[in-house]
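Visitor: Mind looking over this structure? Questions follow.
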Amino acid sequence: MGIDDTDRRIVNALLSDGRASAREIASETGLAATTVSKRLSDLEEDGVIESYRPMVDYDRLGYDVTAVFHLSVDGNGLRSVVDRLRDHERMVSVYEVTGSHDVVAVGKFEDTDEMNRKIKDLLTDPDVEAANTSVVLDVVRENAQFPVGLETED
């Protein structure tokens, strides 16, 4: 799918207010509401807009401990480790990476006891060769999205 400046303007309007109606987006972007509705449907169908969901502050809900796991995984076990981490309800991000580790995962926990249980699970996983864990001291920026750049004429 080709994304043009009209689509980018619509996406940027949604990024600033994910609950905006097509009419509100039309007003902000100067487009017709029917154009916005059609473009939104196309962006959803093409997977550019994956979903509409709230941004939750997990700290305020009692999930005070954020841990970053760096895992070295046996080559044959990579898929199963990644799948298990992806399906774990406390893992908010899971990445296959290059470098000294194979997987980086971020988890949110209510307390250090819960985090320690997850660490022990990882350390006893036969596919995990090594695990290093960092506990986040302060969240500076999290789950941020950025405006999509508009094309400029030279």
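Note that UniProt numbering gives residue 3 to position 3 of the sequence shown, counting from 1, and the numbers run on in steps of one. Just so you know, even glycine gets a beta-carbon here, dropped at the ideal spot from N, CA and C. This structure is a prediction, so every number in the text was calculated from the model and none was measured.
(1) Leaving aside the five residues before and after residue 131 along the sequence, list all residues of the same chain whose C-beta is less than 8 Å from its C-beta, in chain order.
(2) In its own chain, which residues sit with a C-beta less than 7 Å from the C-beta of residue 147, not counting the 5 before and 5 after it?
(3) Write down the C-beta distance between residue 36 and residue 3 rounded to the nearest angstrom, noting that I regard them as a contact closer than 8 Å.
(4) At 4 residues or longer, what runs of the alpha helix (DSSP H) sit wholly inside the region 47-81?
(5) How about residue 112 and residue 135: do their beta carbons lie closer than 9 Å?
(6) Residues in its own chain within less than 6 Å of residue 66 by CB, not counting five upstream and five downstream?
(7) Which one of 100, 79, 104 has the shortest CA to CA distance from residue 91?
Guide: So, from the listed chains and residues:
(1) 69, 70, 71, 72, 119, 122, 123
(2) 12, 15
(3) 15 Å between Cβ atoms; not a contact.
(4) none
(5) yes
(6) 108, 136
(7) 104
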